[in-house]
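Just below is one structure, and these are the notes that go with it.
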Amino acid sequence: MGWLNRVNDQVDVLTRARALQEVSRSAESCLLLDGVIRSTDDQYARADALVQRLSALINLGRTAEYTRAIEEASAAVRDLAEPYLHGHLNALAALAAHHQGALDRCVTHLVKAARALGAVEDPDRDTAWGWHDLAMAYSYLSFHGYALGAIERARQLGLAAGIPEETFAAPGIRLRNAVALDHNGDSDGCLRVLRDVAADLGRFLRGGRAEELRPSSLAAYGYAAARRAALGDRVETAADADPNRLLGHGADSARARDMRQLGQVCLAIAAGNPIEAITRLDTARVSNETLGAAEPARLRSIAYARAGDHAAAHRADRHAFRLAAQRNDRLRDVYIDGIAARIDHEEMRREAARFEGEALTDPLTGLPNRRRLERYIAAVVAGGERVVIGVCDLDGFKAVNTRHGHHSGDLVLQRIAGVINRVMRRGDFVARYGGDEFVVVLSGAGMAEAADVARRIEAAVRTEDWEALVPGTPVGVTIGFAEVEANGPGLRGAIGAAFETADREMLAAKNRLRAG
């Protein structure tokens with residue numbers, strides 16, 4: 001039984017309000033929901049309307065109304081034993097907290113949302129939308145791996161409920177991943193991700209399925225194309241793929257409006273009009289949360305470079321880099337120093353410790369951490385699926401820290417995380433195990449596929465421009481793979497044995513390199 005089957009009043013209105021939000025007509029949806037809230041006596045209908053209204057306000061960017069909307073929705077949901085409703089509310093509250101700059105509150109809501117949505121026994125299309133909104137929250141917080149996992153869950157649930165695949169294409173997740181790479185100096189990585197986004201749009205267009213894409217998704221595809229053009233890439237200009245046309249979509253979505261403004265800046269750069277681009281940036285009013293605070297500064301740097309003012313371009317680029325680094329510093333503060341370090345009250349300290357124990361993401365790279373990795377492997381193996389794990393150890397990392405300092409070392413780890421993620425197959429799992437060691441998990445694969453993945457990772461790391469990031473200290477990677485023998489000495493013992501084997505293989509490969 002789906003969620004709306006539990007609602008006894010004005011179901012048609014609530015369904016219509018959902019449909020309007022799906023096509024970025026959130027202002028109209030708000031009016032319908034306000035009517036339900038004023039007139040219904042059904043607690044389920046009221047709770048649903050308040051949660052959906054919060055979603056509409058976030059889509060519209062009406063930040064001044066977030067706090068009251070969250071309080072009202074929380075009061076309505078509190079006593080209802082419906083995991084979907086609690087999960088979706090917390091996913092939306094995480095988005096709102098992030099827009100308000102309250103990262104510790106955002107983290108708390110993310111933990112609650114994932115747990116509640118994962119506990120839904122009979123997931124339906126509404127649960128799929130809950131996972132979609134959770135994916136958006138992860139993405140805005142730069143937890144790109146988690147965002148991709150959540151949107152894949154949304155896509156699977158959506159397909160089971162009859163929602164077309166294109167509805168949950170969510171190009172904005174990969175778009176934010178791409179621009180974050182560029183903000184940190186990895187323009188080649190940015191272009192590779194943006195080309196993948198363009199390839200997906202091309203597949204939908206060729207299949208005649210573009211009409212199923214959400215208006216906000218079309219705007220994101222448009223910005224991805226415009227951003228590629230600004231970086232000098234040749235983009236498709238056929239009618240259906242024209243960046244200008246795509247950027248015109250998005251209806252009343254605040255994020256689509258932001259992308260439209262910055263997209264015109266990108267297109268002015270691509271057309272050889274950098275002064276126009278700078279003028280547009282001077283008047284643009286966009287939220288820092290849409291594409292990151294560093295995006296306008298990075299576009300300004302590109303425009304100045306095209307105008308031949310390389311000193312100004314360098315200053316703008318350094319400013320963009322600092323803004324991106326500040327974001328990482330704030331995330332580290334939330335996760336490493338911990339919520340507990342800033343709360344004195346004993347009860348709240350215990351609450352914070354519980355969330356700290358549930359934090360499953362490495363704060364530096366945004367990848368799953370060791371705890372999440374071990375849970376993931378155990379779940380996949382317990383499900384009877386074949387699993388190969390690979391231990392990836394960096395070569396030359398100690399020299400980076402010694403010569404350039406730990407800040408540069410952090411940048412290298414972030415770059416490596418992005419490189420490995422880019423070359424993995426769909427469905428593969430990447431985690432930071434600790435220090436300069438990463439682990440990849442290949443489900444449904446054998447050692448032959450593992451060897452191919454190893455070659456791709458090694459080649460990608462080898463071709464990165466380390467000289468520009470950490471001059472004089474080349475970085476490489478050595479990988480050892482092993483298959484988890486699920487019929488070994490118990491599940492935990494089998495996983496441990498596989499890690500030991502993979503580690504030995506990695507060390508043996510290092511020794512062969514030194515000997516050669």
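Residue numbers (full-length UniProt numbering): 1 to 516. Backbone N, C-alpha and C fix where the C-beta goes; we use that ideal spot for every residue, glycine too. Being a predicted model, the structure only gives us computed values, none of them experimental.
Legend entry - Through-space distance from S187 to A273, alpha-carbon basis: Position 273 of the sequence shown, counted from the start, is the residue given in the question as residue 273. Position 187 of the sequence shown, counted from the start, is the residue given in the question as residue 187. Correcting the residue type first, residue 273 is Asn in the shown sequence and not Ala. Their Cα atoms are separated by approximately 21 Å.
Inset, instruction - Report the residue from L411, D393, R456 whose alpha carbon sits nearest the alpha carbon of L469. - result: Taking the first residue of the sequence shown as 1, we reach residue 469 at position 469. Comparing Cα-Cα distances from L469 to each of L411, D393, R456, the minimum goes to L411.
Inset, instruction - Let me know the secondary structure DSSP gives A312 once reduced to three states. - result: Here residue 312 refers to the residue found at position 312 of the sequence shown. A312: helix per DSSP, three-state reduction.
Legend entry - Backbone secondary structure at D395 - three-state DSSP: Position 395 of the sequence shown, counted from the start, is the residue given in the question as residue 395. Strand, per DSSP.
Inset, instruction - Measure the Cβ-Cβ separation of L247 and R260 and say whether it is below 8 Å. - result: As a position in the sequence shown, residue 247 is number 247, starting the count at 1. As a position in the sequence shown, residue 260 is number 260, starting the count at 1. Contact: yes.
Legend entry - Sufficient close CB pairs (3 or more, under 8 Å) joining the stretch 386-393 to the stretch 500-513: yes
Legend entry - Limits of the unbroken alpha helix (DSSP H) element including T127: Here residue 127 refers to the residue found at position 127 when the sequence shown is read from its first residue. 125-140 is the span of the alpha helix (DSSP H), which, as asked, contains T127.
Inset, instruction - Please report how far the alpha carbon of I457 lies from the alpha carbon of G472, in whole angstroms. - result: Position 457 of the sequence shown, counted from the first residue, corresponds to residue 457. Position 472 of the sequence shown, counted from the first residue, corresponds to residue 472. Taking the straight line joining both Cα atoms gives about 22 Å.
Inset, instruction - Pick out whichever of S39, E28, A169, W131 has its Cα sitting closest to the Cα of A210. - result: The count along the sequence shown starts at 1 and reaches residue 210 at position 210. Ranking the options by Cα distance to A210, first place goes to A169.
Inset, instruction - Mind the definition here: the stretch 56-69 touches the stretch 80-90 only if three or more C-beta pairs lie below 8 Å; say whether that holds. - result: no
Inset, instruction - With DSSP collapsed to three states, give me the class of I389. - result: Counting from one through the sequence shown, the residue named residue 389 turns up at place 389. I389 falls in the strand class under three-state DSSP.
Legend entry - L157 and P123 closer than 8 Å at C-beta: On the sequence shown, position 157 is the one that residue 157 refers to. On the sequence shown, position 123 is the one that residue 123 refers to. Yes, the pair counts as a contact, with Cβ atoms nearer than the cut-off.
Legend entry - Spatial neighbours of residue 582 in its chain, beta-carbon cut-off 6 Å, leaving aside the 5 residues before and after: Given a span of 1 to 516 for the chain in the structure shown, any question on residue 582 remains unanswerable.
Legend entry - As assigned by DSSP and simplified to three states, the class of E347: Residue 347 sits at position 347 when you count from the first residue of the sequence shown. Unreliable placement is indicated for E347, whose pLDDT of 49 sits below 50; no coordinate value is reported for it.
Inset, instruction - Name the residue from R371, W466, G292 whose alpha carbon lies nearest to the alpha carbon of L175. - result: For the purposes of this step, residue 175 is identified with residue 175 of the sequence shown, where counting begins at 1. Among R371, W466, G292, the Cα nearest to that of L175 is on G292.
Legend entry - Exposed unless 16 or more other CB atoms sit within 10 angstroms - verdict on H314: For the purposes of this step, residue 314 is taken as the residue at position 314 of the sequence shown. It counts as exposed.
Inset, instruction - Rank E295, R432, E166 by C-alpha distance to the C-alpha of G202 and give the top, closest one. - result: One-based indexing of the sequence shown puts residue 202 at position 202. Residue E166 is the option with its Cα nearest to G202.
Legend entry - 8 Å contact criterion, which F321 and G185 should meet: CB distance rounded: As a working mapping, residue 321 is identified with position 321 in the sequence shown. As a working mapping, residue 185 is identified with position 185 in the sequence shown. Rounded, the Cβ-Cβ distance is 7 Å, consistent with contact.
Inset, instruction - Could you give the DSSP three-state label for G357: helix, strand or coil? - result: As a working note, residue 357 is residue 357 in the sequence shown. Caution applies to G357, whose pLDDT of 47 falls short of 50 and renders its modelled position unreliable; the model cannot decide the point.
Legend entry - Every unbroken beta strand (DSSP E) inside the UniProt domain "GGDEF" (385-516) [3 residues or more]: 387-395, 429-434, 437-443, 476-483
Inset, instruction - Using the Cα positions of G222 and D242, report the straight-line distance between them to the nearest angstrom. - result: Looking up residue 222 in the sequence shown gives position 222. Looking up residue 242 in the sequence shown gives position 242. Their Cα atoms are separated by approximately 7 Å.
Inset, instruction - Hey, could you find the ends of the alpha helix (DSSP H) L205 is sitting in? - result: On the sequence shown, position 205 is the one that residue 205 refers to. It spans 187-206 - the alpha helix (DSSP H) in which L205 sits, taken as one unbroken run.
Legend entry - Environment of D41 [buried if 16+ CB atoms lie within 10 Å]: Here residue 41 refers to the residue found at position 41 of the sequence shown. By the neighbour-count rule (16 or more Cβ atoms within 10 Å), D41 is not buried but exposed.
Legend entry - Complete alpha helix (DSSP H) runs within the stretch 15-94 (minimum length 4 residues, chain order): 26-39, 43-60, 66-77
Legend entry - Cβ-heavy atom distance, V470 to the ligand FAD, below 7 Å: Looking for the ligand FAD in the displayed structure turns up nothing, as the structure carries no ligands at all.
Inset, instruction - Tell me whether P215 sits in a helix, a strand or coil according to DSSP, three-state version. - result: Start at 1 with the first residue of the sequence shown, and residue 215 comes out as number 215. Helix, per DSSP.
Inset, instruction - Using the Cα positions of G162 and A102, report the straight-line distance between them to the nearest angstrom. - result: By one-based count along the sequence shown, residue 162 stands at place 162. By one-based count along the sequence shown, residue 102 stands at place 102. Between G162 and A102, the C-alpha separation is close to 36 Å.
Legend entry - Stretch-stretch touch, CB-based, cutoff 8 Å, three pairs: the stretch 436-447 with the stretch 413-428: yes
Inset, instruction - Classify I479 as buried or exposed, calling it buried when 16 or more other Cβ atoms lie within 10 Å of its own Cβ. - result: Position 479 of the sequence shown, counted from the start, is the residue given in the question as residue 479. Counting Cβ neighbours within 10 Å, I479 comes out buried, since at least 16 surround it.
Inset, instruction - Compute the distance between the beta-carbons of L141 and H109, then report whether it is under 8 Å. - result: The sequence position of residue 141 within the sequence shown is 141, counting from 1. The sequence position of residue 109 within the sequence shown is 109, counting from 1. No, these two residues do not count as a Cβ contact at 8 Å.
Inset, instruction - Could you check which residue in D436, H404, C266 has the C-alpha nearest to that of I416? - result: Stepping through the sequence shown from its first residue, residue 416 is reached at position 416. Out of D436, H404, C266, D436 has the C-alpha closest to the C-alpha of I416.
Inset, instruction - Give me whichever residues DSSP pairs with P368 in a beta bridge. - result: Taking the first residue of the sequence shown as 1, we reach residue 368 at position 368. The partner list for P368 (beta bridge, DSSP) reads T361.
Inset, instruction - Round the Cβ separation of A56 and S74 to the nearest angstrom and send it over; I've been treating them as touching at under 8 Å. - result: On the sequence shown, residue 56 is found 56 positions in, with the first residue counted as 1. On the sequence shown, residue 74 is found 74 positions in, with the first residue counted as 1. The pair is not a contact, with the Cβ atoms about 17 Å apart (cut-off 8 Å).
Legend entry - Reduced DSSP category for D9 - H, G, I as helix; E, B as strand; rest coil: Working through the sequence shown from its first residue, we reach residue 9 at position 9. Reduced to three states, the DSSP call for D9 is coil.
Inset, instruction - Within 10 angstroms of the Cβ of T237, are there 16 or more other Cβ atoms? Answer buried if so, exposed if not. - result: To locate residue 237, count along the sequence shown from 1; it is residue 237. Burial call: exposed.
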